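There are 2 protein chains.
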Amino acid sequence: MTRQAPATGTSVTSKVLALLEAFTPDAADLSLSELARRSGVSLATAHRRAAELVEWGALERDAAGRYRIGLRLWEVASLAPRGLGLRDAAMPFLEDLYEVTHENVQLAVREGLEVVFVERIAGRDAVPVWTRVGGRFALHATGVGLVLLAHAPAAVQEEVLGGPLHSYTAKTVCDPARLRRVLADVRKQGYSVSDGQVTVDALSVGAPVFTADGTVAAAVSLVVRADSAQPGALAPLVMAAARGICRALAGGPARVFPAGRTRP
Amino acid sequence: MTRQAPATGTSVTSKVLALLEAFTPDAADLSLSELARRSGVSLATAHRRAAELVEWGALERDAAGRYRIGLRLWEVASLAPRGLGLRDAAMPFLEDLYEVTHENVQLAVREGLEVVFVERIAGRDAVPVWTRVGGRFALHATGVGLVLLAHAPAAVQEEVLGGPLHSYTAKTVCDPARLRRVLADVRKQGYSVSDGQVTVDALSVGAPVFTADGTVAAAVSLVVRADSAQPGALAPLVMAAARGICRALAGGPARVFPAGRTRP
DNA sequence: GAGAGTCTTTCAGTGGGTGAAAACCCGGAT
DNA sequence: ATCCGGGTTTTCACCCACTGAAAGACTCTC
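For the protein sequence lines, the chains are A and B, in the order given.
Counting from 14, one number per residue, gives the positions in the first sequence under the working numbering.
Counting from 14, one number per residue, gives the positions in the second sequence under the working numbering.
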């Protein structure tokens, strides 16, 4: 895959961000040259900026001198309200869900026209799913995606329905009209079912997490083997968990324990 | 607490990083003025840089116009090898540990002279602990901290032993000589016990996660009520989990499922 | 020991970045 | 309705941090 350099504006900030952007799940560590090439920043500049980032802790260098995302950046980023903030509120409920079912449990939010997975609990012996915490996926196929799409602003729905709908399996719903009906069902029933639409052997049931103002902040799903699945039986379980998370979010932001650091 | 502005070098990059650094667990969303004040960057500059960061997704603005860490930054940061990389490998084992005990399970790494918590599973009815994923803590008090300190390079140990050792409770070991003996025990026994050294009612048992080259990459711990605790009984459990994670890390980096994104 | 690759450093020119200050935009008080 | 104080956004001319290219250093391989 020939990756052309992301359009580097001329601002310093955009170059710094381009450097961070160069890291991807399948290229989590990079040499300086790779970093420069992938970010579209000149070698000399990449060297200079990367050095600053390393000094601060946004990047780290391993024994071989290759660059990787630094723990310090991860610390700061963990303050993202839709990242770990959401995760913290949801975790106990996901935990329960996992313990009862021992299947894959997922928590995701919508970012633009894609799903971003915020949390994933995968049983060792549950169906393999190829999602990753921090990873993205198309909206129209997964259980969480259908929920998020069904409750997304009209503009977003139209854009997705208008755009090309990638077919992952023969069962993926790619026809806009049919997808529209599916979304209506999701809204009506209060949960989504994605049966073999991502991988043939997996079925997922998703439910929405509402905020106080009635919009959908996130979605929870349970992914099970398609053959033995009983979506109707799983739905209440997932919906209950979703409702629990709603409540935790509503009451939540006021933390129970003193958030933060050791007293000095 | 009067927070003086972090020494802002004159480089653009340092200013951008200072902006990110301004966010803390107890100040996860900031107005522009607050952001400028806390980062030590002039208001006009803060405005300009923040706008760029928002455009890229490193920051977000809520309905009220306040700034928060953006999901996009969280996505990139999730590639940190010692962050989610480690977490992914460890999660199944932490899961098991939680399921068996229903107590608090923690995973942490050392960063400089402090512990950074990478994962935490907290039972709703387990002892309250005031750690946070992405949060920091002193090395000499917690179960994970003692493990990480005991296996840290000599230079690190000396620096911690030399520096002031904050006393969280009457039981916190603050005497360097005694602490040295504790650390020796941790190395010998293969696990640590922190009994009421952070909060009086909590006891934690920690064990090291080794890498292939014999160094300690992380630590796992179980935190339980101090009164009913049987450290000797918990230790094998924690150690087993730690060993499991070692193995997963060793065999791990070669991923089972195709890591990454949807095919285009 | 030459050669191909990567990484690091130097150089002078320049354009993105800068602070100060003015303009703007609210909601609350008068 | 008007004023006022807080925050935010924009303008302006100056200037220094940033820049690319090229040379130097370092590390492997053949």
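All C-beta atoms, glycine included, are put in the ideal place defined by N, C-alpha and C.
Every value quoted in this text rests on a predicted model; they were computed, and no experiment measured them.
Next item on the list: Whole angstroms is fine: what's the gap from arginine 260/A's alpha carbon to tyrosine 80/A's?
Entry: 41 Å
Next item on the list: Label serine 24/A either buried or exposed according to how many other C-beta atoms from any shown protein chain fall within 10 Å of its C-beta, with 16 as the threshold for buried.
Entry: exposed
Notebook entry, point to check: For serine 24/A, does the three-state DSSP call read helix, strand or coil?
Noted result: coil
Note to self: Between Gly147/B, Thr212/B, Pro141/B, which has its C-alpha nearest threonine 132/B's C-alpha?
What the structure shows: Per the sequence shown, the amino acid found at residue 132/B is glutamate instead of threonine. Answer by Cα proximity: Gly147/B.
Next item on the list: State yes or no: is the beta carbon of alanine 272/A nearer than 8 Å to at least one beta carbon in chain B?
Entry: Legend: pLDDT at alanine 272/A = 33, less than 50; position of this residue unreliable, no value from coordinates given.
Checklist line | Cut-off 6 Å between Cβ atoms - residues of its own chain near arginine 61/B, not counting five sequence neighbours on either side | finding: none
Item checked: First and last residue of the uninterrupted beta strand (DSSP E) at serine 234/A -> In the DSSP assignment, serine 234/A falls within the beta strand (DSSP E) that extends over 229 to 238.
Checklist line | Three-pair Cβ contact test at 8 Å for the region 107 to 126 of chain A versus the region 80 to 94 of chain A | finding: no
Check: For chain A, is any of its Cβ atoms less than 8 Å away from the one on threonine 15/B?
Finding: Here the model assigns threonine 15/B a pLDDT of 29, short of 50, so the residue's position is not dependable and the matter cannot be decided.
Note to self: Counting C-beta neighbours from all protein chains within 10 Å, is the total for histidine 289/A 16 or more, i.e. buried, or is it exposed?
What the structure shows: Given a span of 14 to 277 for chain A in the structure shown, any question on residue 289/A remains unanswerable.
Check: Can a CB atom of chain A be found closer than 8 Å to the CB of leucine 30/B?
Finding: Interface residue, yes.
Check: Per DSSP, which one or two residues make a beta bridge with isoleucine 82/A?
Finding: Leu72/A
Notebook entry, point to check: Is it buried or exposed for glycine 175/B, if we count other Cβ within 10 angstroms and need 16 for buried?
Noted result: exposed
Margin query: In the DSSP assignment, the beta strand (DSSP E) including arginine 119/B goes from what residue to what residue?
Written below: First, the residue type needs correcting, since residue 119/B is glutamine and not arginine in the sequence shown. Counting along the chain, the beta strand (DSSP E) containing glutamine 119/B begins and ends at 117 to 124.
Note to self: Using beta carbons (cut-off 8 Å, strictly below), is arginine 50/B in contact with chain A?
What the structure shows: For arginine 50/B, the answer is no, since every Cβ of chain A falls outside 8 Å of its Cβ.
Checklist line | Cutoff 8 Å: phenylalanine 223/B Cβ touching any chain A Cβ | finding: no
Check: Among Ala135/B, Val54/B, Glu108/B, Val113/B, which one has its Cα closest to the Cα of leucine 247/B?
Finding: Of Ala135/B, Val54/B, Glu108/B, Val113/B, the residue nearest in Cα terms is Val113/B.
Margin query: By the 8 Å beta-carbon criterion, what residues does the region 102 to 135 of chain A contribute toward chain B?
Written below: For the region 102 to 135 of chain A, the set of positions with a beta-carbon nearer than 8 Å to some beta-carbon of chain B reads Met104, Pro105, Glu108, Tyr111, Glu112, Val122, Glu124, Val129, Ile134, Ala135 in chain order.
Check: Once you ignore the five residues that flank aspartate 214/B on each side, which residues in its own chain have a CB closer than 8 Å to its CB?
Finding: Val140, Arg238, Ala239, Asp240
Note to self: Relative to the C-alpha of alanine 254/A, which candidate in Ala242/A, Ser234/A, Ala197/A has its C-alpha closest?
What the structure shows: Ser234/A
Note to self: With three or more C-beta pairs closer than 8 Å as the rule, is the region 187 to 205 of chain B touching the region 150 to 164 of chain B?
What the structure shows: yes
Next item on the list: Return yes when the Cβ of arginine 145/B is within less than 8 Å of the Cβ of proline 38/B, no when it is not.
Entry: yes
Checklist line | the region 69 to 79 of chain A / the region 31 to 49 of chain A touching (three or more Cβ pairs under 8 Å) | finding: yes
Notebook entry, point to check: Which residues in the same chain as alanine 40/B place their Cβ atom closer than 8 Å to its Cβ, once the five residues preceding and following it in sequence are excluded?
Noted result: Glu47, Arg51
Notebook entry, point to check: Within 8 Å (strictly less), CB to CB, does isoleucine 82/B reach chain A?
Noted result: So, interface residue.
Next item on the list: Report the residues of the region 146 to 167 of chain A with a CB closer than 9 Å to any CB of chain B, ordered along the chain.
Entry: Val146, Gly147, Gly148, Arg149, Phe150, Ala151, Ala154
Item checked: Run of the alpha helix (DSSP H) containing aspartate 101/A, from where it starts to where it stops -> 99 to 114
Notebook entry, point to check: Can you check whether the CB of alanine 35/B is closer than 8 Å to the CB of leucine 30/A?
Noted result: no
Next item on the list: Pick helix, strand or coil for threonine 58/A, following the three-state DSSP scheme.
Entry: helix
Margin query: Short of 7 Å in beta carbon distance, which residues of its chain neighbour valine 129/A, apart from the five on each side in sequence? Order them along the chain.
Written below: Ala121, Val122, Arg149
Item checked: Any C-beta of chain A under 8 Å from that of threonine 228/B -> no
Notebook entry, point to check: Does proline 298/B have its Cβ less than 8 Å from a Cβ in chain A?
Noted result: Chain B is shown from 14 up to 277; residue 298/B falls before or after that span and cannot be answered.
Check: Do you know whose CA, among Tyr111/B, Cys187/B, Ser217/B, lies nearest tryptophan 143/B's CA?
Finding: Ser217/B
Item checked: Counterpart residues of glutamate 127/B in DSSP-defined beta bridges -> Beta-bridge pairing links glutamate 127/B to Glu124/B, Ala151/B.
Next item on the list: Express the C-alpha separation of leucine 107/B and aspartate 101/B in angstroms, rounding to a whole number.
Entry: 10 Å
Notebook entry, point to check: valine 206/A by DSSP, collapsed to three states: which one?
Noted result: strand
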